[in-house]
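*Asks:* Quick one: this structure, given as structure tokens, is what I'll be asking you about.
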Amino acid sequence: MTKPIRIDNETEYLQKASNVPSDLLANSFNKNSTISKNTKLVIVGTLTPPDTAYFYCSFYNRIYGYIDEAINNLGRNNAITLKELKIGLAKVHNKRTNINLCEKNKVEKKVNLIKEILSKNKIAFLDVMDKAIRRKKTPYDHDIEFYKLAKNDLRKISPSMTTIANSKLAKECLDSIGIKSTLLSQRADKKSKWIEMIEKTIK
């Protein structure tokens, strides 16, 4: 399996991208991250798929459920859970059709609620990549051909923050610029470790 190639030079990246169909180009969601000087926990993934509303909003993603359980264990119950909000977003975006204005407004409201819950609990998400060129249109890391690191966004991670790398590639990228992180996949057998780390960090 071919490893994605990192391109640091913007001009070189743009030259590569100019010869690629637009549906194979992807940009990070980092402009919508809740990271701030008050953040305690940063969860870093590779690159959010372009056809989702927010970080980790696919049906099969487990991260919101883990965060919900940790928040609940700490006695900080929310009127609506992150998982419920995520499922609502996934249903809209999985239609694969044009989304009307009413649905767009509902999506925006749900995303804002997710960001509010994350901020309140001092949790933030980041993509390790700023942009990428895929071999084919899939959300999988092994289909990324070229990428540019999100250096400016990653500089917002301070040494006082706990950082979880949600993929092997994200971990390798963080290591390459000197950011310490713990590699933790979303597999079901890692659930207790996720909840333990989240609770310990945000309590």
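In my numbering, the protein residues as written are 4 to 206.
Positions of the beta carbon are idealized from the N, C-alpha and C atoms, including for glycine.
For clarity, every value in this text was computed on a predicted model and none was experimentally measured.
1. Just to check my reading of the structure: Phe-287 and Phe-128 have Cβ atoms closer than 8 angstroms, yes? What is that Cβ distance to the nearest angstrom?
2. Got a sec, what are the start and stop residues for the beta strand (DSSP E) Ala-127 sits in?
3. Using a 10 Å radius around the Cβ and a threshold of 16 neighbouring Cβ atoms, would you call Tyr-63 buried or exposed?
4. In terms of residue numbering, what span does the beta strand (DSSP E) encompassing Thr-166 cover?
5. Distance check for Leu-121 and Trp-197, CA to CA, integer angstroms please.
6. What is the DSSP secondary structure of Tyr-16, counted as helix, strand or coil?
7. Whose C-alpha, out of Arg-79, Asp-146, Asn-115 and Thr-204, is nearest the C-alpha of Ser-36?
8. Taking only three categories from DSSP, how would you classify Thr-55?
*Replies:* The answer reads as follows:
1. The first residue shown for the chain is 4 and the last is 206, placing residue 287 beyond what the model contains.
2. In the sequence shown, the residue the question calls residue 127 occupies position 124. Unbroken beta strand (DSSP E) run through Ala-127: 126-130.
3. Start at 1 with the first residue of the sequence shown, and residue 63 comes out as number 60. Tyr-63 should be labelled exposed.
4. The sequence position of residue 166 within the sequence shown is 163, counting from 1. Here the beta strand (DSSP E) through Thr-166 covers 165-168.
5. Numbered from its first residue, the sequence shown carries residue 197 at position 194. Numbered from its first residue, the sequence shown carries residue 121 at position 118. Going by the C-alpha atoms only, they are around 16 angstroms apart.
6. As a working note, residue 16 is residue 13 in the sequence shown. If DSSP states are grouped into helix, strand and coil, Tyr-16 belongs with the helices.
7. One-based indexing of the sequence shown puts residue 36 at position 33. The residue with the shortest Cα to Cα distance from Ser-36 is Asn-115.
8. As a first step, residue 55 is located in the sequence shown; it is residue number 52 there, counting from the start. Three-state DSSP puts Thr-55 in coil, outside helix and strand.
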